[in-house]
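J.: Sending over a structure as structure tokens; questions will come in a sec.
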Amino acid sequence: VRRTEPWEYVAAINEQTAGIVYVHAPNSQPALSEVVKVTREWGIPVLVDAAGEVPPRSNLKAIAATGADLVAYSGGKAIRGPQSTGLLCGKRELISSAALQMLDMDDHGQLWDPPADLIDLTLFDGIPRHGIGRALKVSKEEIIALLTALELFSSGAYDEQNQEFHSWLERIAEELELENANAACSLVVPDCSERWPLLEIQIEEDKVGTAFDVCWKLRQGTPAIYVGHARLHEGLLTINPLCLKADQVGLLAQRLCELLK
Numbered sequence: 038v039r040r041t042e043p044w045e046y047v048a049a050i051n052e053q054t055a056g057i058v059y060v061h062a063p064n065s066q067p068a069l070s071e072v073v074k075v076t077r078e079w080g081i082p083v084l085v086d087a088a089g090e091v092p093p094r095s096n097l098k099a100i101a102a103t104g105a106d107l108v109a110y111s112g113g114k115a116i117r118g119p120q121s122t123g124l125l126c127g128k129r130e131l132i133s134s135a136a137l138q139m140l141d142m143d144d145h146g147q148l149w150d151p152p153a154d155l156i157d158l159t160l161f162d163g164i165p166r167h168g169i170g171r172a173l174k175v176s177k178e179e180i181i182a183l184l185t186a187l188e189l190f191s192s193g194a195y196d197e198q199n200q201e202f203h204s205w206l207e208r209i210a211e212e213l214e215l216e217n218a219n220a221a222c223s224l225v226v227p228d229c230s231e232r233w234p235l236l237e238i239q240i241e242e243d244k245v246g247t248a249f250d251v252c253w254k255l256r257q258g259t260p261a262i263y264v265g266h267a268r269l270h271e272g273l274l275t276i277n278p279l280c281l282k283a284d285q286v287g288l289l290a291q292r293l294c295e296l297l298k
């Protein structure tokens, strides 16, 4: 399976093309800069799905600096705000358009007074009635929670917890080794200090069943345990500590030991 090439974007563009959505990941190909070049030549915007691309914090600015017209980040994940929230960054006119879709349309024209820094009233003869995003709005409480989480994330307040995550994963690996589990553990420590470590568990599938079997049994237990499943086809479980609590580490280790003996 090969990667998409820039010319294939060009070949797919026609008079009905509103823009290009680009899913950003460390290994995304072609590079975002190449896709931006295509959209500039054709006069259409590119919206970047960067939901999971922070940390590093620098990506909050670096991705937009490529020339992307809109960049969307999850307010959950590493930012640790409500999962139903997000950040949309980019060109003012496109942010204005997005905001317009979220406004309350149940008002009188004479009283309609949208935020002047977002909506240019001179562009409208009356209230637009197509607020298609209204049903997807987030609450005021969620907005405040997101802003609070963003302040903590931006300040580096979460970084020190990465060392704690490291110790949790080491504990799990040590317990599996003590129990002679049919698996080999590898602690993956990222180069970026803002990122947290992961624990990869390579299963001896000829002895305990496939990684899919183990993953399924973890989910069916009480409480249900969900581990990273992206590499199950390689016989590999991934433990991401981000959603773990200190008092859950022992239970996770115990359950893994039970299934991998």
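In the numbering used here, the protein residues as written are 38 to 298. Ideal Cβ placement from N, Cα and C applies to all residues, glycine included.
1) What residue from P82, L274, L124 has the CA that sits closest to A105's CA?
2) In this structure, does DSSP put T41 in helix, strand or coil?
3) Would you call the segment 172–181 and the segment 190–199 touching, i.e. three or more CB-CB distances under 8 Å?
4) Would you call the CB atoms of I100 and V108 closer than 8 Å?
5) Please give the ranges of any alpha helix (DSSP H) in the segment 186–263, keeping only runs that are unbroken, at least 4 residues long and fully inside the region.
6) Decide if P227 is buried, meaning its Cβ has at least 16 other Cβ atoms within 10 Å, or exposed.
7) Would you tell me roughly how many angstroms separate the C-alpha atoms of N96 and A62, rounded to the nearest one?
8) Helix, strand or coil for V91, going by three-state DSSP, please let me know.
9) May I have a chain-ordered list of the beta strand (DSSP E) segments no shorter than 3 residues that lie completely inside the segment 99–147?
10) Find the nearest neighbour of A182 within the set A135, L140, K128, G112, judged by alpha-carbon distance.
11) Starting from T275 and walking both ways along the alpha helix (DSSP H), at which residues does that stretch end?
12) Please state the DSSP three-state secondary structure of I81.
13) State the beta-bridge partners of D86 as determined by DSSP.
14) For E274 versus A248, is the C-beta distance shorter than 8 Å?
15) Does the segment 255–262 touch the segment 138–146, meaning 3 or more C-beta pairs lie closer than 8 Å?
16) I need the DSSP call for G265, collapsed to helix, strand or coil.
17) Using the beta-carbon count (16 or more within 10 Å), is A218 buried or exposed?
18) What would DSSP say about G287, mapped onto helix, strand or coil?
T.: According to the data block:
1) When C-alpha distances from A105 are compared across P82, L274, L124, the shortest belongs to P82.
2) Coil, per DSSP.
3) Result no; under three Cβ-Cβ pairs closer than 8 Å.
4) A contact, by the Cβ cut-off of 8 Å.
5) If we require 4 residues or more, the alpha helix (DSSP H) runs fully inside the segment 186–263 come out as 198–215, 242–245, 248–257.
6) P227 should be labelled exposed.
7) Their backbone Cα atoms lie some 11 Å apart in a straight line.
8) Look at V91 here: in three-state DSSP terms it is coil, with no helix or strand label.
9) Entirely contained in the segment 99–147, the beta strand (DSSP E) runs reaching 3 residues are, in chain order, 107–111, 123–127.
10) That would be G112, whose Cα lies nearest to the Cα of A182.
11) T275 -> not in any alpha helix (DSSP H); beta strand (DSSP E) instead, spanning 273–276.
12) Residue state, collapsed to three classes: coil.
13) Here D86 is bridged, per DSSP, to V60, A109.
14) The sequence given here has Leu at residue 274, not Glu. L274 is a Cβ neighbour of A248, given a cutoff of 8 Å.
15) Not touching, per the Cβ criterion.
16) DSSP places G265 in strand when its eight states are reduced to three.
17) A218 comes out buried.
18) In the structure shown, G287 sits in a helix (DSSP, three-state: H, G or I).
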